[in-house]
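Asker:
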Amino acid sequence: MVKLTKPLKSRKVETTAKRKQVNQPTQPVKTVAPKKSEVPVAAEINSDRQNTNHVKTSNTATVSVNIPQKKVSVPTVANQNKQIQQKQTTSTSPSSLGVRIDIKRLEMLNNLLGELATQDNSFILQNQQTQASLGTLEKGWQNFHQLMMKLQDLATVSEQLNKSPNSRKNKLAYLVNILPNLLEEITQVGEAVNDIKLLHQQSQQVVKKRQQTLQQIQNNLTKTRMLPVESLLNRFPRMIRDLSVQKQKQVKLELVGMNTLIDKAVLEKLYDPIVHIVRNAFDHGIEPPEIRQNNGKSPEGTITIKSYYQGNYTYLAVEDDGGGIDVNKIRNQAIEKKMFSATEAAKLSTKKLYKLLFYPDFSTTKKVSDLSGRGMGLESVYRQIESLKGNITIQSQLGKGTKFILRLPWTLTITKLLVFRMEGNLFAIPLDILAAIIYVDPSEIKVNQGEKVCHWKGKKVSIAPSILLDCNYPITSGSMQQESVEFSWKNSYTKNSQGKVMLLLISEDSDTIAIKVEQILMEQNLTIKPFSKILTAPSYLYGCTILGDGSLVPVIDGIQLLEKTLQTEQLDVKKLQKNTSKFKQSILSQLPTILVIDDSLTTRQAISSTLQKAGYDIVQAKDGWQGLVQLQQHTQIQAVICDVEMPQMNGFEFLSRCRKQYSIAQMPVLMLTSRSSQPYRILAKQLGANDYLSKPYLDQELINSLQSCLHI
59 MVKLTKPLKS RKVETTAKRK QVNQPTQPVK TVAPKKSEVP VAAEINSDRQ NTNHVKTSNT
119 ATVSVNIPQK KVSVPTVANQ NKQIQQKQTT STSPSSLGVR IDIKRLEMLN NLLGELATQD
179 NSFILQNQQT QASLGTLEKG WQNFHQLMMK LQDLATVSEQ LNKSPNSRKN KLAYLVNILP
239 NLLEEITQVG EAVNDIKLLH QQSQQVVKKR QQTLQQIQNN LTKTRMLPVE SLLNRFPRMI
299 RDLSVQKQKQ VKLELVGMNT LIDKAVLEKL YDPIVHIVRN AFDHGIEPPE IRQNNGKSPE
359 GTITIKSYYQ GNYTYLAVED DGGGIDVNKI RNQAIEKKMF SATEAAKLST KKLYKLLFYP
419 DFSTTKKVSD LSGRGMGLES VYRQIESLKG NITIQSQLGK GTKFILRLPW TLTITKLLVF
479 RMEGNLFAIP LDILAAIIYV DPSEIKVNQG EKVCHWKGKK VSIAPSILLD CNYPITSGSM
539 QQESVEFSWK NSYTKNSQGK VMLLLISEDS DTIAIKVEQI LMEQNLTIKP FSKILTAPSY
599 LYGCTILGDG SLVPVIDGIQ LLEKTLQTEQ LDVKKLQKNT SKFKQSILSQ LPTILVIDDS
659 LTTRQAISST LQKAGYDIVQ AKDGWQGLVQ LQQHTQIQAV ICDVEMPQMN GFEFLSRCRK
719 QYSIAQMPVL MLTSRSSQPY RILAKQLGAN DYLSKPYLDQ ELINSLQSCL HI
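Structural data, given as structure tokens:
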């Protein structure tokens, strides 16, 4: 709205808003006209708002770059008063009321919902056990009933045949007398069984309604922490418009799937990666108008941002209709950087060549512009998406355009999982990610270069059963015995009678892998609990779930498992690290040896695992005295991570003796302990500790502190 500062003598308008005062007359209010210098400001604001008519509010939107100028009329006071009334009416309507909710509270509610679902699963298991007991009781009652009928027939025949009085006659008479009583008891037992069956059916209906209610609560609770992607993408039309004017390129932006919901925490971290991809598409993807016309294209280029759901993932695709990516340039650049020999580079597939674009300092463009030459870079884009447990892939066709596809997982809490047994261990996987469940003959499984493969629909499928069992983390096999599993889960399946092997197939694009399983136990809505940040879990595990009997089962991320399995066929990162010194990860092969001192074996192993994954060599000690011995025996040790409370020699005593032999610069010592109070920190600093971290710790925090002490 335009601020009115100059009075108009020609008009007087009475205000429509009245204060709530008794018998107070309404005074006429003089309106004021806007100054000339202020009108263009209003025109600019209104123009921006009116220009948004190019962005459709539906699920598909198109933004045009060449925006026509529109005349702006100065609003009258009457219109202003109407707008005020409308705003007041709208603001007080129940449908527009909103409440700010802390994200931590939503997470707490989400966790409580998960606990409710876990309890629900326990209730379902109890019902299944009750049903099994009822089946046994009913079967016994039927057998007993048949036996009683036989006895009744026998008694009737015996009574007719037995005419001479003897000792047997008395026994048969007694039997005949008690038969009616037995039949009455059996009838009552049968009625009780029928009553229990009826109660069980009613209980099953209650459970079904309860599950539906839980699903509705989950859906609504999930939506409260999600925002439409429109709130992120509505910043891009103006950016494209400004770039078009600045670079004199005719480009239009199309937005598709604006109503797709994404977790707010994820949405905030997507802006920078998408900005870089869009700027790259504008600068390197879209050709100048004259080149486009020579190639038979429209002089106006198009950049499309599309969002959609697929399974448990949200996809964001940024596509342009530009010149595409020349894979030969990527191949030549890889040879120039000595990442591959000419022979090796010639064997690389297009998909593998595209992955090179995400490596540090790798670019096929020699000209660095102020548009795409600044910003986070494709390497940082990849790392940012990877930090969100997502993935980014490239599809391109020379002369037709390029598409960057970002895949982001949903914040899974409760989802339908398939629970199966593999080599005695229980695992679960979301049903949405499975392509098929097939049976193959053992003879169809071949070994190709040490890798087990089979064929499905004419393509090779890698079988990956061992990667889940080879990780250095405890895997629970479940407390359920085999017998209890069989009656607990009615929809369980085993290897078929012909001895074929059961495989779960996971597919993405043209890649497919298989998991060899022994038994499918059930499919059920289960709660997924994420691993603690203290534990560095494999990337191919979402977390774990709790079954109705209390068994703890790891939940597999199918896409990450697929990528991990096919890693041997993809780029050898270690080889790239050796062949080029420009890669930041090449430093891993030169990282020093670290001494880890802690009396807890679990903590020692966890710290060692974290540092080993970061490229460090590790030497361990269970107390300060053994730590001093290790320092003497392993002269290559360049830093120490030490606990405080340990038997024989505690951390402070070790630090004091260590400083008598090594200075702070010669041997950095990081104290890592659960004692986080200030006196402990002060004492550690006085004794010469380089840093002081408290448990529980974050892996990245520990690595950053270590690198800082080592000046890496």
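Using the numbering used here, you'd call the opening residue of the sequence shown number 59 and step up by one each time.
Where is the CB? At the ideal position from N, CA and C, for every residue including glycine.
Put Leu-171 into one of helix, strand or coil per three-state DSSP.
Answerer: helix
Asker: Under 8 Å between the Cβ atoms of Ile-491 and Asn-370?
Answerer: A contact, by the Cβ cut-off of 8 Å.
Asker: Does the Cβ-Cβ distance between Leu-374 and Ile-388 come in under 8 Å?
Answerer: For the pair Leu-374 and Ile-388, the CB atoms are not nearer than the 8 Å cut-off.
Asker: Give me the DSSP bridge partner(s) of Leu-466.
Answerer: Thr-372
Asker: How close, in whole Å, do the beta carbons of Gly-709 and Cys-716 come, if the pair is a contact with beta carbons under 8 Å?
Answerer: Between Cys-716 and Gly-709 the Cβ distance is about 10 Å, and since that is not below 8 Å, they are no contact.
Asker: What did DSSP end up calling Arg-717 once you bin it into helix, strand or coil?
Answerer: helix
Asker: Between which two residues does the beta strand (DSSP E) harbouring Lys-510 extend?
Answerer: Bounds of the beta strand (DSSP E) holding Lys-510 are 509-514.
Asker: Tell me, to the nearest whole angstrom, how far the beta carbon of Gln-724 is from that of Leu-768; I am working on the premise that it is less than 8 Å.
Answerer: Actually they are not in contact, since the Cβ atoms of Gln-724 and Leu-768 sit about 12 Å apart, beyond 8 Å.
Asker: Would DSSP call Phe-322 helix, strand or coil?
Answerer: Here residue 322 is Lys; the residue named in the question, Phe, does not match the sequence. Of the three classes helix, strand and coil, the one that applies to Lys-322 here is helix, per DSSP.
Asker: Please return the same chain residues whose Cβ sits closer than 8 Å to the Cβ of Ala-747, not counting the five positions on each side in sequence.
Answerer: Leu-713, Val-727, Leu-728, Met-729
Asker: Could you name the residues of the same chain whose beta carbon sits closer than 8 Å to that of Gly-399, not counting the 5 residues immediately before and after it, in chain order?
Answerer: Checking the sequence shown, residue 399 turns out to be Ser, not Gly. Ile-393, listed in sequence order.
Asker: My parser needs the beta strand (DSSP E) runs of 3 or more residues fully inside the region 676-758; what are they?
Answerer: 695-700, 727-731, 749-752
Asker: Indicate whether Ile-361 and Ile-298 have their beta-carbon atoms separated by less than 8 Å.
Answerer: Yes, these two residues count as a Cβ contact at 8 Å.
Asker: From Phe-416 to Lys-409, what does the alpha carbon distance come to, in whole angstroms?
Answerer: 12 Å
Asker: Tell me the rounded alpha-carbon separation between Leu-475 and Val-613.
Answerer: 8 Å
Asker: If we count the other Cβ atoms within 10 Å of its Cβ and call it buried at 16 or more, is His-334 buried or exposed?
Answerer: Buried: at least 16 other Cβ atoms inside 10 Å.
Asker: Just verifying my parser: in three-state terms, what is the DSSP assignment at Glu-402?
Answerer: helix
Asker: Helix, strand or coil for Ser-568, going by three-state DSSP, please let me know.
Answerer: Look at Ser-568 here: in three-state DSSP terms it is coil, with no helix or strand label.
Asker: Mind checking which residues open and close the alpha helix (DSSP H) that includes Asn-352?
Answerer: 347-352
Asker: Please check the pair Val-324 and Leu-484, which I expect to be a contact at CB under 8 Å, by giving their CB distance rounded to whole angstroms.
Answerer: Rounded, the Cβ-Cβ distance is 30 Å, inconsistent with contact.
Asker: Along the chain, where does the alpha helix (DSSP H) that runs through Lys-671 open and close?
Answerer: 659-671
Asker: Please name the residue in Leu-240, Glu-358, Pro-238 whose C-alpha comes closest to that of Gln-308.
Answerer: Glu-358
Asker: Using a Cβ-Cβ cutoff of less than 6 Å, which residues in the same chain neighbour Leu-599 once the five nearest sequence positions on both sides are dropped?
Answerer: Cβ neighbours of Leu-599 within its own chain (closer than 6 Å, five residues either side excluded): Pro-612.
Asker: In whole angstroms, what separates the C-alpha of Ser-356 from that of Leu-562?
Answerer: Distance between the alpha carbons of Ser-356 and Leu-562: 47 Å.
Asker: List the DSSP bridge partners of Met-580.
Answerer: Val-477
Asker: Ordered along the chain, which non-local residues of its own chain (more than five positions away) have a Cβ less than 6 Å from that of Pro-732?
Answerer: Note on identity: in this sequence residue 732 is Ser, with Pro being the wrong assignment. Cβ within range, chain order: Lys-753.
Asker: Under three-state DSSP, which class holds Leu-605?
Answerer: coil
Asker: Note down, in chain order, each residue of its chain lying with its Cβ closer than 7 Å to the Cβ of Thr-451, except the 5 sequence neighbours on either side.
Answerer: Ile-463
Asker: Note the first and the last residue of the continuous alpha helix (DSSP H) segment covering Gln-308.
Answerer: No alpha helix (DSSP H) holds Gln-308; DSSP gives it neither H nor E.
Asker: Determine the extent of the alpha helix (DSSP H) in which Leu-415 is found, giving its start and end residues.
Answerer: Note, Leu-415: premise wrong, no alpha helix (DSSP H); not H, not E.
Asker: Is the beta carbon of Gln-269 sitting closer than 8 Å to the one on Leu-171?
Answerer: no
Asker: I need the straight-line Cα distance from Ile-564 to Thr-318, nearest angstrom please.
Answerer: It is roughly 25 Å from the alpha-carbon of Ile-564 to the alpha-carbon of Thr-318.
Asker: At the level of alpha carbons, what is the spacing between Ser-568 and Trp-683?
Answerer: Those two C-alpha atoms are separated by around 56 Å.
Asker: Which of helix, strand or coil does DSSP assign to Glu-358?
Answerer: coil
Asker: What is the C-beta distance between Thr-668 and Asp-757, in whole angstroms, given that I count them as a contact (C-beta under 8 Å)?
Answerer: 5 Å
Asker: In this structure, does DSSP put Pro-612 in helix, strand or coil?
Answerer: strand
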